[in-house]
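Okay, structure first, notes after.
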Amino acid sequence: MATDTVELSIGGMTCASCAARIERKLNKLEGVQASVNYATEKARVSYAGDLTPADLVKVVEATGYTAELPAEPTETAEEDDPTRTLRERLVTSAVLSVPVIALAMVPALQFTYWQWLSLALAGPVVTYAAWPFHKAAWTNLRHGAATMDTLISLGVGSAFLWSLYALFLGTAGTPGMTHGFTFTVERMAGTGNIYLEVAAGVTTFILAGRYFEARSKRRAGAALKALLELGAKDVAVVRDGREVRVPTEELAVGDRFVVRPGEKIATDGVVEEGTSAVDASMLTGESVPVEVRPGDAVAGATVNAGGRLVVRATRIGSDTQLAQMARLVEEAQNGKAEVQRLADRISAVFVPVVIALAVGTLGFWLGTGGGAGAAFTAAVAVLIIACPCALGLATPTALLVGTGRGAQLGILIKGPEVLESTRRVDTVVLDKTGTVTTGQMSLVGVHTAEGETEAEVLRLAGALENASEHPIARAVAQAAGDVPAVDDFQNVEGLGVQGVVDAHAVLVGRERLLSEWSVPLGTELREAKEEAERQGRTAVLVAWDGKARGVLVVADTVKPTSKEAIEGLRGLGLRPVLLTGDNSAAAEAVAAEVGISEVVAEVLPADKVDVVKKLQDEGRVVAMVGDGVNDAAALAQADLGLAMGTGTDVAIEASDLTLVRGDLRAAVDAIRLARRTLSTIKGNLFWAFAYNVAALPLAALGLLNPMIAGAAMAFSSVFVVSNSLRLRAFR
């Protein structure tokens, strides 16, 4: 049976359990396989039979969420910031909550009518700022489910409603009422106590957690935007023998366009005129530019490093290599297993238990003739003490401190879901170019014929190469330093350069250039050339006055800290794998130098994702370290993506962790810091729940004095914050 795949944009999810619920509902349909990603708010659905995308949308809507087929992205529409309303609610809540909490906690501030000022300030917090929680709780209730939102809404609502009852129908509204600091455990009617600081404080803390999470989620889509912005913006098209500049969107298949040195190639095509070196490192990760001549294919967004080219467009828009890579990145992001937040998993059990306990408490006190006042006090106390104020702080505080410390060490952590992955990672895949190596060509060896000095060979070769723009030429010129002037300089397309230096006729380039001038290569130099090529390096031959004088070996060099970093990764229990588009010889040489035994070479950019998937299918949890556009999809596919900050924006956006320094040792620090932050979050969550659970029996027995409730709340929050601050000492 033929299956179709559709991607739906889902709205209204507030936690990972929402995503799980939608996924369950969709998968109940016959012939449907759905994966819902809470982080990207997308559902990827494969369906067969008579179903249509509209039917799938209806199922999601019946579950209590919104769904729509993704609209085509428009360049002009400025995207709305989804975190804006959340930020507005958080600011409102924080500004109004601080005085409410201060008035309740500091008796010295409790003037004659302080409780009424508290009510005026807490009102907007409980209604406007906490509205997302109430709305989500109502949606969940309609579908017979309970989540973290249910608990927050119940706790905030019951604290506020009880305060209203105590103010208007109890004794809390009398002028001069104060909250005394007594730590007695006694039964009470509770009509003289207000809990407005609980309602306001819980709302603020949990909104803060949601806001930081939403900010990190928003960055998931930025990788695709960055990718699509890499292409050229306009192009010189040849029409009726004249060059006309038009926006790249107006290019059609078959159009001929001109690419000057230094310009980006506008779209995928075939070279019709001219020869040049094309820097495709952005797409392929290869540090050596590719020589192209008429008939060779070139990819859009690569850079023309040499001569003028005329290219005929063969693919445009969504068919280009760049667009396909963008699609790979998106698919990899969507396929990522959503990490269920611990708080949601626990609350799925905790919430129904608390509600049952509150109802049971109310029934027990009414049934034993304890009086309505005492019964409601005990039931509300259960809900209030169960509302986990510290839970809202547990993740964001540890994250803030952990990410802040990371930033000081040059490590940027995207969000809480990243930390979960670092603990389980057992394999680390390293891109070669720009990650383990510098990604730039440099001179690594000079072999001379008998009777010649290295200095002289380098001086004359450097003089010629200094006049060329080729990256290999730049490596030689840089190593040569100050060089003499050149006469009759000529660039022989694809072969090398020639000219006159200090009255010597000098040739620098490939063996074919020397053959054209009938200059033989001696046995010694031929051996040096072949040895360099065996190691995957580039050999540049130098001759003058009809005789071969030397071989210059140019290569991408290993970073000095890479070997130490590999040892550090092994120390964390990780298995390193070197991955590269380069030839096997070059890859094996680099792997041997840094101490990696597993090598995957000659891999196309699109196949890097498959290498990561294959390792994952073997049951490994994979971290990927890369720096190029060609690594973006693999970074997104990996369980943990680490991008070098010296790399492209696209790689950085697609990753989970960014290493600001271009030093691989930062990857070791990043994984250690992330693991430490995760264990802090888990410790916080444990204590946040422990205080609530310990106080629940007291509340149910009607023995919970409001000050003990307030103190337990405050103490659990203080504990969580101080526990998180320990991360500042991370080395």
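Going by the working numbering, the sequence shown opens with residue 1001, and the numbers climb by one from there.
Just so you know, even glycine gets a beta-carbon here, dropped at the ideal spot from N, CA and C.
Here the structure is a predicted model, which means the values were calculated and not measured.
Where the beta strand (DSSP E) containing residue i begins and where it ends
i, result
"Leu-1412", "1411-1413"
"Glu-1602", "Counting along the chain, Glu-1602 falls outside any beta strand (DSSP E), and DSSP gives it neither H nor E."
"Glu-1291", "1290-1292"
"Ser-1276", "1276-1279"
"Thr-1448", "1437-1448"
"Arg-1575", "1575-1579"
"Arg-1242", "1242-1247"
"Leu-1507", "1504-1509"
For residue i, the first and last residue of its enclosing alpha helix (DSSP H)
i, result
"Val-1594", "1584-1594"
"Ala-1479", "1471-1480"
"Ile-1194", "That residue, Ile-1194, is in no alpha helix (DSSP H); it is neither H nor E in DSSP."
"Glu-1456", "1454-1465"
"Thr-943", "Because the chain here runs from 1001 to 1731, residue 943 falls outside it and cannot be looked at."
"Asn-1692", "1665-1700"
"Lys-1559", "Here Lys-1559 belongs to no alpha helix (DSSP H), and DSSP marks it neither H nor E."
"Ile-1652", "1649-1654"
Sheet register partners of residue i (DSSP bridge)
i, result
"Ile-1384", "DSSP lists no partner for Ile-1384."
"Met-1644", "Leu-1659"
"Met-982", "Residue 982 falls outside the range modelled here, since the chain spans only 1001 to 1731, and no answer is possible."
"Lys-991", "An answer regarding residue 991 cannot be provided, because it is not within the stretch 1001 to 1731 covered by the chain."
"Glu-1068", "Ser-1009"
"Asp-1617", "Asp-1617 is not bridged to any residue."
"Asn-1491", "Val-1497"
"Lys-1264", "Val-1303"
"Phe-1257", "Val-1237 and Val-1311"
"Asp-1004", "Tyr-1047"
"Leu-1552", "Val-1446 and Val-1540"
"Glu-1273", "Val-1310"
"Asp-1298", "The amino acid at residue 1298 is misidentified as Asp; the sequence shows Val. Partner(s): Gly-1269."
Burial state of residue i, where buried means 16 or more other Cβ atoms lie within 10 Å
i, result
"Ala-1297", "exposed"
"Trp-1162", "buried"
"Gln-1498", "buried"
"Ala-1337", "At Ala-1337, the pLDDT of 37 sits below 50, so the modelled position is not reliable; the number obtained from the coordinates is stated separately. Burial call: exposed."
"Asp-1178", "One detail in the question is off: residue 1178 reads as Thr in this sequence, not Asp. Result: exposed."
"Leu-1525", "buried"
"Val-1353", "exposed"
"His-1143", "exposed"
"Thr-1014", "buried"
"Ser-956", "As displayed, the chain neither begins before 1001 nor continues past 1731, which places residue 956 out of reach and without an answer."
"Pro-1605", "buried"
"Lys-1233", "exposed"
"Lys-1547", "exposed"
"Val-1169", "First, the residue type needs correcting, since residue 1169 is Leu and not Val in the sequence shown. The residue is exposed, with fewer than 16 neighbouring Cβ atoms inside 10 Å."
"Tyr-1113", "exposed"
"Glu-1197", "buried"
Span separating the alpha-carbon of residue i from that of residue j
i, j, result
"Ser-958", "Leu-1322", "The structure shown does not extend to residue 958, since the chain spans only 1001 to 1731, so no value can be given for it."
"Ala-1565", "Gly-1451", "42 angstroms"
"Tyr-1065", "Ala-1729", "43 angstroms"
"Arg-1239", "Ala-1654", "39 angstroms"
"Ser-1421", "Gly-1571", "18 angstroms"
"Asn-1027", "Arg-1308", "55 angstroms"
"Arg-1665", "Glu-1588", "21 angstroms"
"Leu-1029", "Leu-1051", "9 angstroms"
"Arg-1312", "Val-1270", "5 angstroms"
"Ala-1136", "Asp-1279", "52 angstroms"
"Asn-1193", "Val-1351", "25 angstroms"
"Thr-1267", "Gly-1581", "22 angstroms"
"Asp-1487", "Val-1500", "5 angstroms"
"Arg-1230", "Thr-1448", "At residue 1230 the sequence reads Leu, which differs from the Arg that was named. Using only the alpha carbons, I get a separation of about 43 angstroms."
"Ile-1411", "Trp-1138", "40 angstroms"
"Ile-1681", "Thr-1368", "42 angstroms"
"Thr-1395", "Gly-1049", "44 angstroms"
"Asp-1631", "Gly-1404", "27 angstroms"
"Gly-1173", "Leu-1117", "11 angstroms"
"Leu-1635", "Ala-1407", "20 angstroms"
"Gln-1535", "Val-1259", "34 angstroms"
"Thr-1314", "Val-1237", "14 angstroms"
"Gly-1155", "Ile-1384", "5 angstroms"
"His-1504", "Trp-1517", "14 angstroms"
Chain C contact for residue i (CB, 8 angstroms cutoff)
i, result
"Gly-1269", "No chain C is present in this structure, which holds just one protein chain."
Whole runs of the alpha helix (DSSP H) within the stretch 1026-1066, excluding any shorter than 4 residues = 1053-1062
Which parts of the stretch 1085-1158 are runs of the alpha helix (DSSP H), unbroken and 4 residues or longer, counting only runs that do not cross its ends?
-> 1114-1124 and 1131-1142
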